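Below is one structure, written out as structure tokens, with a few remarks after it.
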Amino acid sequence: MIEVNELDIFGGTISNLERGLNFSATKQKAIAQNIANIDTPNYKSKTVSFDTYLSDAKKSSISSYRTTEKHINFEMKNGNVGISSRNNLSYRNNGNGVDMDKEQADLATNQIYYNALVDRVSGKLNTLQTVIRGGS
Amino acid sequence: MSIFHGMNTTASALTAQRLRMDVISSNMANVDTTRAKMVDGEWQAYKRKTVTLQPQGANFSSFLNVALGTSSKDSVGNGVKVSSINEDTETPYKLVYDPTHIDANDEGYVEMPNVDPLREMVDLISATRSYEANVTVFNANKSMLSKALEIGK
Chain H
1 MIEVNELDIF GGTISNLERG LNFSATKQKA IAQNIANIDT PNYKSKTVSF DTYLSDAKKS
61 SISSYRTTEK HINFEMKNGN VGISSRNNLS YRNNGNGVDM DKEQADLATN QIYYNALVDR
121 VSGKLNTLQT VIRGGS
Chain V
1001 MSIFHGMNTT ASALTAQRLR MDVISSNMAN VDTTRAKMVD GEWQAYKRKT VTLQPQGANF
1061 SSFLNVALGT SSKDSVGNGV KVSSINEDTE TPYKLVYDPT HIDANDEGYV EMPNVDPLRE
1121 MVDLISATRS YEANVTVFNA NKSMLSKALE IGK
């Protein structure tokens, strides 16, 4: 008999893709914040890097306290992971550290990356659906 | 951090840049205003106004927490806000010789506003470009959100 929590049809792919999507969404927010503050004196640009994001995301989740195995585990993820500012960088006379060209390039890259991830999640789900339907 | 966090951030910047443009419009409109306000029974010329921006949520406690290491990670932030609209008291008034003017002083000079149209135009273009950049970000955000709705289709 197969227990429900051993039924591993997603095989980790979906959760990895989900982490990628979370990273991409956070990066999008950081870019939005940087471009919003393009004229703010002494504002320093914020960056989100993938490796720190991934390691932080693995560390900072809080699991529920379970007394029985039948309890459903829930996880709370810290929202502010992997974000850092470059405090010693200035591009303009007013101390602003936002490089507009870099931000725009990151914005375009991030969009394509996000779309690619969404495409892969959909592809994975379609594969599973094909398996469930028995190939018909 | 909700799903619309990025859009709210961009919206705050659009508001701020629009206000900047409004202030520039006010400066340009009042380029010849000699009677902006009455001070001790004397009319004073219009003073050029400038907008000061600051990141939203940049309060003392957030800086203290980062400095103490209580919250080691920076947060993304909540956009930008206009902290104040200041009058430019550094730039002197332009003195124009016009004895027939009603606000001319005893020597026949009129104090004209310290607005420099050239400077205002540069600021206006800067504000327009920042606004456009934020519109680009908003559209990118929107397309990402609608793409997320396609998961599983």
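Sequence order for the protein chains is H and V.
Under the working numbering, the letters of the first sequence match residues 1 to 136, in that order.
Under the working numbering, the letters of the second sequence match residues 1001 to 1153, in that order.
In this text, a Cβ means the ideal position worked out from N, Cα and C, and glycines have one as well.
Quick caveat, the model's predicted, so the values are computed rather than measured.
message: Pop quiz: I1003/V and D1123/V are said to be a contact at Cβ under 8 Å. What is the actual Cβ separation, rounded to whole angstroms?
response: Within the second sequence, numbered from 1, the residue matching residue 1003/V stands at position 3. Within the second sequence, numbered from 1, the residue matching residue 1123/V stands at position 123. Contact between I1003/V and D1123/V does not hold, since their C-beta atoms are separated by about 34 Å, which reaches or exceeds 8 Å.
message: Assuming K44/H and L89/H are in contact, meaning their beta carbons sit under 8 Å apart, how far apart are those beta carbons, in whole angstroms?
response: Looking up residue 44/H in the first sequence gives position 44. Looking up residue 89/H in the first sequence gives position 89. Yes, K44/H and L89/H are in contact; Cβ-Cβ is about 6 Å, under 8 Å.
message: Nearest by alpha-carbon distance to V48/H: which of N87/H, G95/H, I83/H, G97/H is it?
response: In the first sequence, counting from the first residue as 1, residue 48/H sits at position 48. Nearest C-alpha to V48/H: I83/H.
query: Are there 16 or more other CB atoms within 10 angstroms of the CB of L1068/V, so buried, or fewer, so exposed?
result: The count along the second sequence starts at 1 and reaches residue 1068/V at position 68. Flag for L1068/V reads exposed.
task: Take every Cβ of the segment 12–27 of chain H, pair it with every Cβ of the segment 1052–1068 of chain V, and state whether three or more of those distances are shorter than 8 Å.
output: Between the segment 12–27 of chain H and the segment 1052–1068 of chain V there are fewer than three inter-stretch CB-CB distances shorter than 8 Å, so the stretches are not counted as touching.
message: So the candidates are T40/H, H71/H, A108/H; which of them puts its Cα closest to the Cα of R1020/V?
response: If you number the second sequence from 1, residue 1020/V lands on position 20. Nearest to R1020/V by alpha-carbon distance, out of T40/H, H71/H, A108/H, is T40/H.
CB contact below 9 Å: S1026/V versus chain H: To locate residue 1026/V, count along the second sequence from 1; it is residue 26. Closer than 9 Å: no.
Listed by chain order, chain H residues near G1006/V by CB distance under 7 Å: The count along the second sequence starts at 1 and reaches residue 1006/V at position 6. Q28, K29, A32, listed in chain order.
task: With a cut-off of 8 Å on the beta carbons, I'd call Y1046/V and P1113/V a contact; round off their distance for me.
output: Locating residue 1046/V in the second sequence gives position 46, where the first residue counts as 1. Locating residue 1113/V in the second sequence gives position 113, where the first residue counts as 1. Rounded, the Cβ-Cβ distance is 4 Å, consistent with contact.
- request: Note down, in chain order, every chain H residue with its Cβ under 9 Å from the Cβ of M1144/V.
  value: What you label residue 1144/V is simply residue 144 of the second sequence in a count that begins at 1. Residues of chain H with a Cβ closer than 9 Å to the Cβ of M1144/V are, in chain order, S24, A25, Q28, N110, Q111, Y114, N115, V118.
Residues that K1047/V contacts on chain H, provided the C-beta gap is smaller than 8 Å: On the second sequence, residue 1047/V is found 47 positions in, with the first residue counted as 1. Per Cβ cutoff of 8 Å: no residues; K1047/V is ~21 Å from chain H at best.
task: Determine the chain H residues that contact M1055/V at a beta-carbon separation under 9 Å, and present them in chain order.
output: As a position in the second sequence, residue 1055/V is number 55, starting the count at 1. Note that residue 1055/V corresponds to Pro in the displayed sequence, not to Met. Simply Q33, A36, N37, T40, Y43.
- prompt: Can the beta-carbon of L128/H be found closer than 9 Å to that of I9/H?
  reply: What you label residue 128/H is simply residue 128 of the first sequence in a count that begins at 1. What you label residue 9/H is simply residue 9 of the first sequence in a count that begins at 1. Yes, these two residues count as a Cβ contact at 9 Å.
- prompt: In its own chain, which residues sit with a C-beta less than 7 Å from the C-beta of Y91/H, not counting the 5 before and 5 after it?
  reply: Walking along the first sequence from the start, residue 91/H turns up at place 91. In the same chain as Y91/H, and ignoring 5 residues on each side of it, the C-beta atoms closer than 7 Å to its own belong to G97, V98, D99, in chain order.
message: For Q1017/V, count the other beta carbons within 10 Å of its own beta carbon; 16 or more makes it buried, fewer makes it exposed. Which is it?
response: In the second sequence, residue 1017/V corresponds to position 17, counting from 1. Classification of Q1017/V: buried, given that the 10 Å Cβ count is 16 or more.
S1143/V and Q111/H closer than 9 Å at C-beta: Counting from one through the second sequence, the residue named residue 1143/V turns up at place 143. Counting from one through the first sequence, the residue named residue 111/H turns up at place 111. With respect to the 9 Å criterion, S1143/V and Q111/H are classified as neighbours on the basis of their beta carbons.
message: Assess contact between the segment 1082–1101 of chain V and the segment 64–75 of chain H, defined as three or more Cβ pairs (one per stretch) separated by less than 8 Å. Is contact present?
response: With contact defined as three or more Cβ pairs closer than 8 Å, the segment 1082–1101 of chain V and the segment 64–75 of chain H are not in contact.
message: Tell me whether the segment 1094–1109 of chain V and the segment 1006–1017 of chain V touch, counting them as touching only if at least three CB pairs, one residue from each stretch, are closer than 8 Å.
response: At 8 Å Cβ cutoff, the stretches do not touch.
field: Those runs of the alpha helix (DSSP H) which lie wholly inside the segment 3–37 of chain H and span at least 4 residues
entry: The qualifying runs are 13–36.
task: Report yes if the CB atom of N1139/V is closer than 9 Å to the CB atom of A1013/V, and no otherwise.
output: Here residue 1139/V corresponds to residue number 139 of the second sequence, with the count starting at 1. Here residue 1013/V corresponds to residue number 13 of the second sequence, with the count starting at 1. Taking 9 Å as the Cβ cut-off, N1139/V and A1013/V do not qualify as a contacting pair.
task: Less than 8 Å between the CB atoms is what I'm expecting for V1115/V and T1034/V, so what's the real figure, rounded?
output: Walking along the second sequence from the start, residue 1115/V turns up at place 115. Walking along the second sequence from the start, residue 1034/V turns up at place 34. Distance from V1115/V to T1034/V at the Cβ level is roughly 12 Å; contact not present, criterion being Cβ atoms closer than 8 Å.
query: What's the call for G1077/V, buried or exposed, on a 16-neighbour Cβ count within 10 Å?
result: Reading the second sequence from its first residue, position 77 is the one you call residue 1077/V. By the 16-neighbour rule on beta-carbons within 10 angstroms, G1077/V is buried.
task: Just the chain H side, please: which residues come within less than 9 Å of I1125/V by C-beta, in chain order?
output: Counting from 1 along the second sequence, the entry for residue 1125/V is found at position 125. Those do not exist, as I1125/V stays about 12 Å from chain H at its closest Cβ, beyond 9 Å.
message: Check for me: the alpha helix (DSSP H) holding S1146/V runs from which residue to which?
response: Working through the second sequence from its first residue, we reach residue 1146/V at position 146. First-last of the alpha helix (DSSP H) with S1146/V: 1117–1148.
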